[in-house]
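**Student:** Let me give you the structure first, and then I'll get to my questions.
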Amino acid sequence: GAGVSQTPSNKVTEKGKYVELRCDPISGHTALYWYRQSLGQGPEFLIYFQGTGAADDSGLPNDRFFAVRPEGSVSTLKIQRTERGDSAVYLCASSRGDGGAFFGQGTRLTVV
Amino acid sequence: AQSVTQLDSQVPVFEEAPVELRCNYSSSVSVYLFWYVQYPNQGLQLLLKYLSGSTLVKGINGFEAEFNKSQTSFHLRKPSVHISDTAEYFCAVSEVDSSYKLIFGSGTRLLVRP
Numbered sequence: 148g149a150g151v152s153q154t155p156s157n158k159v160t161e162k163g164k165y166v167e168l169r170c171d172p173i174s175g176h177t178a179l180y181w182y183r184q185s186l187g188q189g190p191e192f193l194i195y196f197q198g199t200g201a202a203d204d205s206g207l208p209n210d211r212f213f214a215v216r217p218e219g220s221v222s223t224l225k226i227q228r229t230e231r232g233d234s235a236v237y238l239c240a241s242s243r244g245d246g247g248a249f250f251g252q253g254t255r256l257t258v259v
Numbered sequence: 004a005q006s007v008t009q010l011d012s013q014v015p016v017f018e019e020a021p022v023e024l025r026c027n028y029s030s031s032v033s034v035y036l037f038w039y040v041q042y043p044n045q046g047l048q049l050l051l052k053y054l055s056g057s058t059l060v061k062g063i064n065g066f067e068a069e070f071n072k073s074q075t076s077f078h079l080r081k082p083s084v085h086i087s088d089t090a091e092y093f094c095a096v097s098e099v100d101s102s103y104k105l106i107f108g109s110g111t112r113l114l115v116r117p
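Going down the list, the protein sequences come from chains E and H.
Residues in the first sequence are numbered from 148 upward in steps of one, following our numbering.
Residues in the second sequence are numbered from 4 upward in steps of one, following our numbering.
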């Protein structure tokens, strides 16, 4: 597709369960970012990939959060033992590396 | 560390009136500056960015912003707004040479009334 695609668009899970959120970036974009947006706030940085490697994971809140990008394209954000405080919209963005990041529409995660 | 302050959580304005959305940032190093817009039920869209050069930056949909280093500001302006400009606007900063990792403000909701 032409834009950044995120699936699923909505995810409801029970506290303690494991979830995976997928991001399909724009073709050819080497940089990929994950952000989290809570209600009424701006997005918060989680992790940045350049190619296959996580170049900066300083925004991951704790070790329950992990992300991969094995082939340098699609990325998966994984959350273990989900907590109600993890409920938010998770945003993915990709870029050619020129400062113009393109965002997906996000995955709304609700932990009940 | 960088931070971004958007003092106005909501700005109501009448259609065809001018508008200014304020953004101030804090950083001990040189930064890049961005404005993003988020329309209802849509993803974030880049309006404009300042990387270097002229401090007056023009973006899409008639918006512009001016980088003022001495006042550490990057206010967004439009001379005449439309109903369709109703949206949430986010200012963001990125440390130069930091891979363009963005630090966002809390957003300003622009509400354009007929």
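Where is the CB? At the ideal position from N, CA and C, for every residue including glycine.
Since we're looking at a predicted model, the values are computed, not measured.
Using a beta-carbon distance cut-off of less than 8 angstroms, what residues from the region 55–81 of chain H approach chain E?
**Tutor:** none
**Student:** Going by DSSP in three states, residue 157(E) sits in which element: helix, strand or coil?
**Tutor:** Judged by DSSP in its simplified three-state form, residue 157(E) adopts strand.
**Student:** Residues of the region 187–220 of chain E in Cβ contact with chain H at a cutoff of 9 angstroms, in chain order, please.
**Tutor:** Listed in sequence order: 187, 188, 189, 190, 191, 192, 195, 197, 202, 203, 205, 206.
**Student:** I'd like to know if the region 188–195 of chain E and the region 156–166 of chain E are in contact, where contact means that at least 3 CB-CB pairs between them fall below 8 angstroms.
**Tutor:** no
**Student:** Where do the ends of the beta strand (DSSP E) carrying residue 20(H) lie?
**Tutor:** Counting along the chain, residue 20(H) sits inside no beta strand (DSSP E), nor does DSSP assign it H or E at all.
**Student:** At the 8 angstroms Cβ level, is residue 242(E) part of the contact set with chain H, yes or no?
**Tutor:** yes
**Student:** For residue 4(H), tell me which candidate among 29(H), 23(H), 111(H), 14(H) has the shortest Cα-Cα distance.
**Tutor:** 29(H)
**Student:** Is it the case that the region 61–68 of chain H contacts the region 38–52 of chain H, given that we only count it when at least three CB pairs across the two stretches are under 8 angstroms?
**Tutor:** yes
**Student:** For residue 12(H), name the three-state secondary structure that DSSP assigns.
**Tutor:** If DSSP states are grouped into helix, strand and coil, residue 12(H) belongs with coil.
**Student:** Return the CA-CA distance between residue 74(H) and residue 159(E), expressed in angstroms with no decimal places.
**Tutor:** 44 angstroms
**Student:** Would you give the residue range spanned by the beta strand (DSSP E) that residue 85(H) belongs to?
**Tutor:** DSSP places residue 85(H) outside any beta strand (DSSP E), giving it a letter other than H or E.
**Student:** Are the beta-carbon atoms belonging to residue 239(E) and residue 180(E) less than 8 angstroms from one another?
**Tutor:** yes
**Student:** May I ask you to list, following chain order, the residues of the region 34–54 of chain H that have a beta carbon less than 7 angstroms from some beta carbon of chain B?
**Tutor:** No chain B is present in this structure, whose protein chains are E and H.
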